[in-house]
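Quick note: the sequence shown uses this note's numbering, first residue 1060, plus one each step.
Heads up, the beta-carbon is just placed ideally off N, CA and C, and yes, glycines get one too.
Given the structure is predicted, the values throughout are model-derived calculations rather than measurements.
What follows is one structure encoded as structure tokens, with my remarks underneath.
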Amino acid sequence: MGRRRRLQVFFLNEDFGWARTGIEVAALLRERLFRCHLGLSPVILTMKYRSDAADVQQGAIAGGALEPCVRFLNMYDWYQEMESAPRPGRRVAWQPGASLRIEPVPDTPGDQRIYDRAGRLAMYVFHSRTTGVLSYINHMDGRQPHRKSRRDFFHPSGVLSMTQILEGAQEQVVREIYYRPDGSTALIKRYDLDQPARRLLYIDVCDAQGRVIERFAREEDLALAWLRSLVAADSEQTSILIVDRSLLYLDAACALKQERGQRVKVVPVVHAVHVSDAADLARSRTNRHYAGFLEQPAAIDAMVVLTEPQAHDIGTRYGTGNIRVIPHGYDADPAEARAEFVQRDRFLLVYLARYAPEKRHDLALDVFARVVSQVPAARLALYGNGSQRTAIEEKVRALGLENSVTVGAFVSAVGPIYEQAGLSLMTSTSEAFSLSLAESLAHGCPVAAFDVPYGVPDMLRDGENGLVAPFGQIELLADKIVVLLNDAERHQKMSMQARDSAARFASMQVCQKWSDLMAQMLQ
């Protein structure tokens, strides 16, 4: 009998921030599933530079959103050797010299303006709004009032992490210097400002003495060198790269597979609709995030799709290949109180989503405006973060909904919100699966949504566990909500059916699908 091959699993992600995206939350749920049900300990890799990564993770642990045993590794932290940085509680203090005058900034706790002897603004010091520690310092040019020439970012320990050199009236970044905790240079990134859009020229990797030892033209090449160092070259070990962010990692992952052969398996996950226009699934151009493997399926070992209808459409358009349908797994926390229906605020509607254009909060507000005009007790609570928050708040005021709509911040503990609410909304232009929909159902909160591919038709049954209307049919969706809110008995039955319908997304159901895929990768 042959020796059993060892298995190493990596999840390839972009970031893990204070306000987590659906893809980041899905990766955490999958990590827990692998660790608790499959006996594997995946490493979550992230590529985005984040000087406060250590505090983000500690904050997530303190808030209960992250277990301490979850293994994270960031590309920049690895090159910068940040594991040697002082630990939390041993922060390096920063204090400007006697020649500089410090003035606190009103209404922004912790921030400071620093002036030189001539009374000119020399620096502006920012502290984290979350933790209060030194975050970054803007250095002024000295020749042009308030024009910045440099920006320093700091690790939560207080050591300098990265410097940006700024040029021109637009204060564009021309160079970035990344430091190790001992102050030596780890990386240098140089940009070309002569193009219409800033373009990366090269990335230099430096040794402990600051001498350049490697140069890369692209961030993807830097990532490939990183992956080569992380992924074991052991002939008895198989490394599976589950790619959540294909646009960032696919080239590097496939290049490593070519070098290592069958010892490396590449498995991208399709997290969104695979074409650019969800209204034209058959002819619209391929979503650029997934074009690299949909149009060249031989480059990968398998792809994971979240619903059967999307798997069918991908197979029809691009060829079957090795397509696995594995939804996100979600279990309601047994430690959280499970609300009886009579304890719910039946007239409270919630919408948990990024404040982003594709989530169409404007449509959600239009729907709710019609609902509250007929059911005055109805209220809507929005939770999220993103660029559209100001526009959403403006629309709330324009519709005169200030007394019945709240626009809240991102929350990681979604269970209590769904257990309290009577109904959740989803008005996105598309949702390949929608983790928030699964979360809502698992907590007995029916969903009112527009019928968009692919999650809604796969997960909702109109009149059973939710309410569904064609996309953009505001009056129809609102009228369905009004009818439900006026029928407590039907509402209670729908809440029970919502909870029951979420059983197919339970971890024990989903883990078998992942187990089957892992077994295939080891053959």
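How about residue i and residue j: are their beta carbons less than 8 angstroms apart?
{"i": "V1192", "j": "H1186", "result": "yes"}
{"i": "M1567", "j": "H1096", "result": "yes"}
{"i": "R1405", "j": "A1547", "result": "yes"}
{"i": "S1305", "j": "Y1349", "result": "yes"}
{"i": "T1488", "j": "E1417", "result": "yes"}
{"i": "L1494", "j": "A1507", "result": "no"}
{"i": "I1451", "j": "L1441", "result": "yes"}
{"i": "A1537", "j": "R1429", "result": "yes"}
{"i": "L1071", "j": "I1301", "result": "yes"}
{"i": "E1397", "j": "A1341", "result": "Rather than Glu, the amino acid found at residue 1397 in this sequence is Arg. For R1397 and A1341, no; Cβs fall outside 8 angstroms."}
{"i": "G1123", "j": "A1412", "result": "no"}
{"i": "R1277", "j": "L1259", "result": "yes"}
{"i": "A1528", "j": "F1509", "result": "yes"}
{"i": "E1140", "j": "K1107", "result": "no"}
{"i": "F1069", "j": "T1105", "result": "no"}
{"i": "G1514", "j": "T1366", "result": "yes"}
{"i": "A1497", "j": "A1423", "result": "no"}
{"i": "H1330", "j": "I1082", "result": "yes"}
{"i": "Q1268", "j": "S1288", "result": "no"}
{"i": "L1054", "j": "Y1389", "result": "Coverage of the chain is limited to positions 1060 through 1582, which leaves residue 1054 absent and any answer about it impossible."}
By a C-beta neighbour count over all protein chains shown, 10 Å radius and 16 as the cutoff for buried, is residue i buried or exposed?
{"i": "W1077", "result": "buried"}
{"i": "D1372", "result": "buried"}
{"i": "A1578", "result": "exposed"}
{"i": "R1079", "result": "buried"}
{"i": "N1462", "result": "exposed"}
{"i": "H1387", "result": "buried"}
{"i": "E1395", "result": "exposed"}
{"i": "Q1040", "result": "Any answer about residue 1040 is impossible in this case: the structure gives the chain only from 1060 up to 1582."}
{"i": "Q1067", "result": "buried"}
{"i": "R1210", "result": "buried"}
{"i": "V1569", "result": "buried"}
{"i": "W1153", "result": "exposed"}
{"i": "G1320", "result": "exposed"}
{"i": "P1101", "result": "buried"}
{"i": "L1581", "result": "exposed"}
{"i": "S1298", "result": "buried"}
{"i": "S1294", "result": "exposed"}
{"i": "M1553", "result": "buried"}
{"i": "V1334", "result": "buried"}
{"i": "C1128", "result": "exposed"}
{"i": "P1168", "result": "exposed"}
Taking the continuous beta strand (DSSP E) assigned at residue i, which residues delimit it?
{"i": "K1107", "result": "Note, K1107: premise wrong, no beta strand (DSSP E); not H, not E."}
{"i": "I1161", "result": "1160-1163"}
{"i": "S1499", "result": "From DSSP, S1499 is part of no beta strand (DSSP E) but of the alpha helix (DSSP H) over 1494-1501."}
{"i": "P1529", "result": "1525-1529"}
{"i": "L1482", "result": "1480-1485"}
{"i": "A1086", "result": "Per DSSP, A1086 belongs to no beta strand (DSSP E); it is in the alpha helix (DSSP H), 1081-1096."}
{"i": "R1438", "result": "1438-1442"}
Which stretch, first to last residue, makes up the alpha helix (DSSP H) that contains residue i?
{"i": "V1515", "result": "1514-1518"}
{"i": "Q1116", "result": "1112-1121"}
{"i": "L1460", "result": "No alpha helix (DSSP H) contains L1460, which DSSP labels as neither H nor E."}
{"i": "Y1135", "result": "1134-1139"}
{"i": "T1375", "result": "1367-1377"}
{"i": "M1558", "result": "Checking the sequence shown, residue 1558 turns out to be Arg, not Met. Here the alpha helix (DSSP H) through R1558 covers 1547-1560."}
{"i": "E1395", "result": "Where E1395 is concerned, there is no enclosing alpha helix (DSSP H), given that its DSSP letter is neither H nor E."}
{"i": "I1540", "result": "1533-1544"}
{"i": "A1341", "result": "Counting along the chain, A1341 falls outside any alpha helix (DSSP H), and DSSP gives it neither H nor E."}
{"i": "K1316", "result": "1305-1319"}
Name the residue from the options whose alpha carbon lies nearest to the alpha carbon of residue i.
{"i": "P1145", "options": "D1421, E1523, A1113, A1507", "result": "A1113"}
{"i": "L1225", "options": "V1328, K1207, Y1237", "result": "K1207"}
{"i": "L1439", "options": "S1471, Q1402, Y1477", "result": "Y1477"}
{"i": "S1483", "options": "Q1447, L1407, D1360", "result": "L1407"}
{"i": "A1480", "options": "G1503, S1471, P1512", "result": "G1503"}
{"i": "D1575", "options": "V1384, A1119, R1188", "result": "V1384"}
{"i": "V1470", "options": "N1444, F1492, R1448, K1454", "result": "N1444"}
{"i": "D1392", "options": "S1499, L1307, R1403", "result": "S1499"}
{"i": "G1178", "options": "Y1195, G1201, D1170", "result": "G1201"}
{"i": "S1216", "options": "A1121, Y1513, E1142", "result": "E1142"}
{"i": "R1160", "options": "R1172, T1167, P1168", "result": "R1172"}
{"i": "M1182", "options": "S1158, E1090, E1126", "result": "S1158"}
{"i": "R1257", "options": "Q1229, D1166, E1273, D1241", "result": "Q1229"}
{"i": "P1356", "options": "T1379, A1370, Q1369, S1335", "result": "T1379"}
{"i": "R1270", "options": "A1245, A1284, R1419, A1292", "result": "A1245"}
{"i": "A1312", "options": "R1322, L1286, G1169", "result": "L1286"}
{"i": "T1449", "options": "L1219, Y1414, R1419", "result": "Y1414"}
{"i": "Q1402", "options": "S1110, I1272, P1475", "result": "P1475"}
Is there at least one Cβ from chain D nearer than 8 angstroms to residue i's Cβ?
{"i": "D1211", "result": "Given the protein chain composition of this structure (a single chain), no chain D is represented."}
Just checking, does the region 1422-1438 make contact with the region 1535-1550 on the three C-beta pairs under 8 angstroms criterion?
yes
If we count Cβ pairs, one from each stretch, closer than 8 angstroms, do we get three or more for the region 1209-1223 versus the region 1232-1239?
Taking a cut-off of 8 angstroms on C-beta distances, the region 1209-1223 touches the region 1232-1239, as three or more cross pairs fall below it.
Should the region 1348-1362 be called in touch with the region 1325-1334, which here means at least 3 C-beta pairs below 8 angstroms?
yes
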